[in-house]
Amino acid sequence: MSDDAVHEERRPAARCRARRQVITSRIDEAPGEPPTVPGALPGAPPSSLPARRCPEEALGQGPRRFLYFDREKGAGLAVLSYCSVLFGVPFFIVPLVLRDNPFTLHHAKAAGAVYLVCYSLLLLATVHSALFLPLALVAYIPAWIGMYRAAAGREAGQAALGRPGERIFKWIQPR
Numbered sequence: 001m002s003d004d005a006v007h008e009e010r011r012p013a014a015r016c017r018a019r020r021q022v023i024t025s026r027i028d029e030a031p032g033e034p035p036t037v038p039g040a041l042p043g044a045p046p047s048s049l050p051a052r053r054c055p056e057e058a059l060g061q062g063p064r065r066f067l068y069f070d071r072e073k074g075a076g077l078a079v080l081s082y083c084s085v086l087f088g089v090p091f092f093i094v095p096l097v098l099r100d101n102p103f104t105l106h107h108a109k110a111a112g113a114v115y116l117v118c119y120s121l122l123l124l125a126t127v128h129s130a131l132f133l134p135l136a137l138v139a140y141i142p143a144w145i146g147m148y149r150a151a152a153g154r155e156a157g158q159a160a161l162g163r164p165g166e167r168i169f170k171w172i173q174p175r
């Protein structure tokens, strides 16, 4: 492999962006041509196989469902809602009451689920400490994962109890 070929290799995310740009640039096609299929190779007949999916889509995460403004504005309060697990004070109630930012509300629901799991295990640990104390300590891990994902501007995900939190607090919707 030549040095030029090594330098021309791009990361998968950059390739996905380049592919999206090609697809969006072909939107202004002539009216008689068939529309471009997402993932199809440019210039290939319509029966060709679709190209590889982007890394986010391959992992099953799909595109982010929160706006950039919501993520940037609500990251601090989302991280603070996970701190309720670490400090014992239910800070996650504040975003649940405000309901002004969908990103913060999503992480507040997940933090509420983590809070319920963690402190129910701590309550059980007071009854039978030999069995439930290690489980109560392990229950702090989703809080750390959630704090990291909130600071990175991503959804809570399954490891930070995002889906159970959405199910528990499903009646609370953003305004």
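Sequential numbering from 1 applies to the sequence shown in UniProt numbering. Beta carbons: idealized from backbone N, C-alpha and C, even for Gly. A quick note: this is a predicted structure, and the numbers were derived from the prediction, not measured.
The alpha carbon of VAL94 has as its nearest neighbour, out of ARG175, PHE87, LEU80 and ARG167, the alpha carbon of LEU80. Judged by DSSP secondary structure, TRP144 falls within the alpha helix (DSSP H) whose first and last residues are 141–151. Per the coordinates, the alpha-carbon of PHE66 lies some 28 Å from the alpha-carbon of PHE87. In the three-state scheme derived from DSSP, where H, G and I count as helix and E and B as strand, LEU67 is classed as coil.
Segment contact: the stretch 67–74 against the stretch 112–130, fewer than three CB-CB distances shorter than 8 Å; contact not assigned.
Excluding five sequence positions before and after ALA75, the CB atoms of its chain that fall closer than 7 Å to its own CB belong to ALA150, ALA151 and GLY153, given in chain order.
Straight-line measurement puts the Cα of HIS128 at about 27 Å from the Cα of GLY165.
By the Cβ neighbour-count rule, ARG71 is buried, with 16 or more other Cβ atoms within 10 Å of its own. Every alpha helix (DSSP H) of 4 residues or more that sits fully in the stretch 68–103 is shown, in chain order, as 68–87 and 93–98.
Per DSSP, the unbroken alpha helix (DSSP H) holding ILE168 starts and ends at 162–168. Take the alpha-carbon of ARG163 and the one of LEU98: they are about 21 Å apart.
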